[in-house]
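Q:
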């Protein structure tokens, strides 16, 4: 199994990797399929199913799908151009993209929210169709947005069959489990980050790898900074007030005071995470880590380490992210990182495990201690539901990232106090997350049909 650090950490836009970025990517793939087709097309249609339908408005899934059909992609997204294109499509009921004729598309009539049973392949399903001059469908494809911005066609999903992919033989360290990862580390004498680096270098140069990782951290860090300056009310109708700036201002005013309690450091961790997730909720540029809904945990822990831990160095951020991506890859490969599939344990839980592992690694932890740190963080998120109020990635998501960050740091610290030996392995914890996700009621898997979503007023 090999998932690149650039698979786990993707530059994109808020508010959701599975509900915003995924549909945009799927629409772009459909355009490529149309360009490769011999048919002459006249129109487009789309339908959203399962969680994409139930929380699609709150996640801006409809808008993301339309913009994807208009040629926009998450990693190159330009908000000003997107707004202009969206208004033009709404007014003209036409989509124009390079390589295809003008295509009829009425956002009101041609994009359908299907609130019936979910499609068979995944809770996040969508069907895209292209029509001829008579309005008959002449090309159709089903896509599944499986979390973290990853997208599969129905055929690709069926080929996987729910089974784990075979380990790739073209990388030096193709571990599929944490046990295999630790055994490879013992035999090679390498750290987890060093093994991940060796795998990455099969596909890109060292300079490309380092530049890509530097960009990931730059986007993360810029997102924190923007979030700590942002003010006002978040979009969506819940009237959630942005709080990061106020918290930051208060913390800065307290700096240097002898009476500041030690637990104030938790407020800094929460601040950094909340800053990211307020930016995400506002539709800003974020990095999936491993998802948008959990985007604040990893950057928060890195920023905490750099700003508050003696001896921290930005030169080690690459080791942090490589280690974190190894853990995130195990979570995705052996369970899920999708809230619609396994609840928030799969999003913030996986993110906390990734952050704990990364922090433990840069603080000098052994591979065994790193694995232990990830297990502790994930174990204490097991069973966490995904119940966003009004389908928005705001309540409880923003604060939940802050608490996930605190758990991650605590997990790393606890692991470093031991020798890495522990009763519950990371593999057991990931498998438990998978089983818990299968047993979890659909009301608690990003449908906004249970939990806080039905007990908190939506206005």
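Numbering (the UniProt record's numbering), first residue to last: 1 to 459.
Ideal placement from N, C-alpha and C gives every residue a C-beta, glycine not left out.
What do you get for residue 5, buried or exposed, if any count of 16 or more other CB atoms within 10 angstroms of its CB means buried?
A: Here residue 5 corresponds to residue number 5 of the chain shown, with the count starting at 1. By the 10 Å Cβ count, residue 5 comes out buried.
Q: As an exercise, report each continuous alpha helix (DSSP H) stretch of at least 4 residues that is fully enclosed by the region 230 to 305, in chain order.
A: Segments of the alpha helix (DSSP H) lying fully in the region 230 to 305: 244 to 254 and 264 to 281.
Q: Any idea which residues DSSP pairs residue 143 with across the strands?
A: Here residue 143 corresponds to residue number 143 of the chain shown, with the count starting at 1. For residue 143, which the question treats as bridged, DSSP gives the partners 126 and 153.
Q: Rank 341, 62 and 96 by C-alpha distance to the C-alpha of residue 108 and give the top, closest one.
A: Start at 1 with the first residue of the chain shown, and residue 108 comes out as number 108. Comparing Cα-Cα distances from residue 108 to each of 341, 62 and 96, the minimum goes to 62.
Q: Please list the segments of the beta strand (DSSP E) lying wholly inside the region 55 to 98, counting only runs of 3 or more residues, in order along the chain.
A: None, since the region 55 to 98 contains no complete beta strand (DSSP E) of that length.
Q: Return helix, strand or coil for residue 19, following the three-state DSSP convention.
A: Along the chain shown, one-based indexing puts residue 19 at 19. Correct three-state label for residue 19: helix.
Q: Kindly indicate which three-state DSSP category residue 416 falls into: helix, strand or coil?
A: Counted from its first residue, the chain shown places residue 416 at position 416. The answer is helix: DSSP assigns residue 416 an H, G or I state.
Q: Using three-state DSSP, classify residue 427 as helix, strand or coil.
A: Taking the first residue of the chain shown as 1, we reach residue 427 at position 427. In this structure, residue 427 counts as helix in the three-state DSSP scheme.
Q: Measure the alpha-carbon distance for residue 223 versus residue 300 and round it to whole angstroms.
A: Along the chain shown, read from residue 1 onward, the residue named residue 223 stands at position 223. Along the chain shown, read from residue 1 onward, the residue named residue 300 stands at position 300. The straight-line gap from Cα to Cα measures roughly 10 Å.
Q: So, do the region 148 to 156 and the region 185 to 204 have three or more beta carbon pairs nearer to each other than 8 Å?
A: With the cut-off at 8 Å, the region 148 to 156 and the region 185 to 204 do not touch.
Q: Whole angstroms are fine: how far does the CA of residue 133 sit from the CA of residue 402?
A: Against the chain shown, residue 402 aligns to sequence position 402. Against the chain shown, residue 133 aligns to sequence position 133. Cα to Cα, the separation comes out at about 52 Å.
Q: Return yes when the Cβ of residue 369 is within less than 9 Å of the Cβ of residue 404, no when it is not.
A: Your numbering for residue 404 matches position 404 in the chain shown. Your numbering for residue 369 matches position 369 in the chain shown. Contact: no.
Q: In this structure, does DSSP put residue 213 in helix, strand or coil?
A: As a working mapping, residue 213 is identified with position 213 in the chain shown. Residue 213: helix per DSSP, three-state reduction.
Q: Give the DSSP-derived three-state secondary structure of residue 137 in the structure shown.
A: Reading the chain shown from its first residue, position 137 is the one you call residue 137. The answer is strand: DSSP assigns residue 137 an E or B state.
Q: Is there contact here, the region 304 to 317 with the region 365 to 380, by at least three beta-carbon pairs under 8 Å?
A: With a cut-off of 8 Å, the region 365 to 380 and the region 304 to 317 do not count as touching, because too few Cβ pairs lie within range.
Q: With distance defined between alpha-carbon atoms, name the residue in 379, 288 and 39 nearest to residue 74.
A: In the chain shown, residue 74 corresponds to position 74, counting from 1. Of the candidates 379, 288 and 39, the one whose C-alpha sits nearest the C-alpha of residue 74 is 288.
Q: Looking at the structure shown, is residue 13 part of a helix, part of a strand, or coil, going by DSSP?
A: In the chain shown, residue 13 corresponds to position 13, counting from 1. Residue 13 falls in the strand class under three-state DSSP.
Q: Leaving out five residues before and five after residue 272 in sequence, what residues of the same chain have Cβ atoms less than 6 Å from its Cβ?
A: The count along the chain shown starts at 1 and reaches residue 272 at position 272. Closer than 6 Å at Cβ, skipping near neighbours: 224, 300 and 303.
Q: Is the region 261 to 275 touching the region 232 to 248, taking contact as three or more C-beta pairs under 8 Å?
A: Touching, yes.
Q: Kindly indicate which residue of 339, 293 and 198 has the alpha-carbon position closest to the one of residue 170.
A: Sequence index remark: in the chain shown, residue 170 carries index 170 (1-based). Measuring from the Cα of residue 170, the nearest candidate turns out to be 198.
Q: Could you say if the region 254 to 264 and the region 288 to 298 meet the contact criterion of at least three C-beta pairs nearer than 8 Å?
A: No: the two stretches stay apart, fewer than three of their Cβ pairs being nearer than 8 Å.
Q: Excluding the 5 residues preceding and the 5 following residue 70 in the sequence, name in chain order all residues of the same chain whose CB lies nearer than 7 Å to its CB.
A: Position 70 of the chain shown, counted from the first residue, corresponds to residue 70. Excluding sequence neighbours, residue 70 sits near 85, 89, 95 and 97.
Q: Could you compute how far the alpha carbon of residue 385 sits from the alpha carbon of residue 40?
A: As a position in the chain shown, residue 385 is number 385, starting the count at 1. As a position in the chain shown, residue 40 is number 40, starting the count at 1. Between residue 385 and residue 40, the C-alpha separation is close to 46 Å.
Q: Please state whether the Cβ-Cβ distance between residue 483 and residue 430 is less than 9 Å.
A: Because residue 483 is not part of the residues shown, which for the chain are 1 to 459, the question remains open.
Q: Could you tell me the distance, in whole angstroms, from the CA atom of residue 458 to the CA atom of residue 451?
A: In the chain shown, residue 458 corresponds to position 458, counting from 1. In the chain shown, residue 451 corresponds to position 451, counting from 1. So the two alpha carbons sit approximately 13 Å from each other.
Q: Check for me: the alpha helix (DSSP H) holding residue 521 runs from which residue to which?
A: There is no way to answer for residue 521, as the model of the chain reaches only from 1 to 459.
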